[in-house]
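Engineer: Quick one: structure below, then a few questions.
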């Protein structure tokens, strides 16, 4: 690698990852509602620049929104456009509709599993589910990649 290439690479890293980048949220420990938002917002988007600040802001503004039911109520209350704009800082009602569809699926799916908490029931669902199950969701904008990421969360 030439010196000029190294300089260009270093500049690209400084530009794309400034020291002031928001710290990534900890999706592994987040409540189910936040995991759903993290998953849907990350589809075809830069995680650090697009997802991290929105998830962090959502958690700060809506600490009471923890479960699938809480998330569904928040979307229903604001509508797709309102939820996207007010809760996520997006002009993308389609993302809110996708979030709603995923939350509806998980709210229903977890009822088939045992566990003392929603998180435990969703973990049991994630271990049981298979990649092909993504096609049964019929949620616009949410395919196998998103489904697999959701299972990991």
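In the numbering used here, the protein residues as written are 1 to 153.
Yeah, the Cβ is synthetic: ideal placement off N, Cα and C, and Gly gets one too.
Could you check whether residue 139 and residue 98 sit closer than 7 Å to each other, using their CB atoms as the reference points?
Structural biologist: Numbered from 1 along the chain shown, position 98 holds the residue referred to as residue 98. Numbered from 1 along the chain shown, position 139 holds the residue referred to as residue 139. In contact: residue 98 and residue 139 (Cβ atoms closer than 7 Å).
Engineer: Tell me whether residue 128 is buried or exposed, calling it buried when 16 or more other Cβ atoms sit within 10 Å of its Cβ.
Structural biologist: Taking the first residue of the chain shown as 1, we reach residue 128 at position 128. Classification for residue 128: exposed.
Engineer: Can you list the alpha helix (DSSP H) stretches of 4 or more residues lying completely in the stretch 117-141, in chain order?
Structural biologist: DSSP runs (the alpha helix (DSSP H)) wholly in the stretch 117-141: 118-128, 134-137.
Engineer: For the alpha helix (DSSP H) containing residue 151, list its first residue and its last residue.
Structural biologist: As a working note, residue 151 is residue 151 in the chain shown. That run of the alpha helix (DSSP H) goes 144-152.
Engineer: What does a CB cutoff of less than 8 Å around residue 45 pick up in its chain, not counting 5 residues either side in sequence?
Structural biologist: Within the chain shown, residue 45 is the residue found at index 45, counting from 1. Contacts found: 51.
Engineer: Check the C-beta distance from residue 31 over to residue 66 and give it rounded, since I have them as a contact under 8 Å.
Structural biologist: Translated into the one-based positions of the chain shown, residue 31 becomes position 31. Translated into the one-based positions of the chain shown, residue 66 becomes position 66. The Cβ separation is near 4 Å, so the contact holds.
Engineer: How many whole angstroms separate the CB atoms of residue 149 and residue 42, which I take to be in contact at a CB cut-off of 8 Å?
Structural biologist: In the chain shown, the residue the question calls residue 149 occupies position 149. In the chain shown, the residue the question calls residue 42 occupies position 42. Right, the Cβ-Cβ distance comes to about 7 Å (below 8 Å), so this counts as a contact.
Engineer: Considering Cα atoms alone, identify which of 112, 53, 74 is closest to residue 179.
Structural biologist: What is shown of the chain runs 1 to 153, which leaves residue 179 out entirely.
Engineer: What first and last residue would you give for the alpha helix (DSSP H) that runs through residue 84?
Structural biologist: Residue mapping note: residue 84 aligns to position 84 of the chain shown, counting from 1. Looking at the DSSP string, residue 84 is not in any alpha helix (DSSP H), and its letter there is neither H nor E.
Engineer: Less than 7 Å between the C-beta atoms of residue 95 and residue 78, yes or no?
Structural biologist: Your numbering for residue 95 matches position 95 in the chain shown. Your numbering for residue 78 matches position 78 in the chain shown. No; because the gap between Cβ atoms is not below 7 Å, this pair is not in contact.
Engineer: Quick one: what does DSSP say residue 77 is sitting in, helix, strand or coil?
Structural biologist: Numbered from 1 along the chain shown, position 77 holds the residue referred to as residue 77. Residue 77: helix per DSSP, three-state reduction.
Engineer: Considering Cα atoms alone, identify which of 58, 49, 119 is closest to residue 15.
Structural biologist: Within the chain shown, numbered from 1, the residue matching residue 15 stands at position 15. Residue 15 has its Cα closest to that of 49, out of 58, 49, 119.
Engineer: Classify residue 111: buried if its beta carbon has 16 or more other beta carbons within 10 angstroms, exposed otherwise.
Structural biologist: The residue given as residue 111 occupies position 111 in the chain shown. Exposed.
Engineer: Under the three-state reduction of DSSP, which class applies to residue 105: helix, strand or coil?
Structural biologist: Position 105 of the chain shown, counted from the start, is the residue given in the question as residue 105. Helix.
Engineer: Suppose contacts are defined by Cβ-Cβ distances below 7 Å. Is residue 103 in contact with residue 36 by that definition?
Structural biologist: Within the chain shown, residue 103 is the residue found at index 103, counting from 1. Within the chain shown, residue 36 is the residue found at index 36, counting from 1. Yes, Cβ-Cβ distance for residue 103 and residue 36 is below 7 Å.
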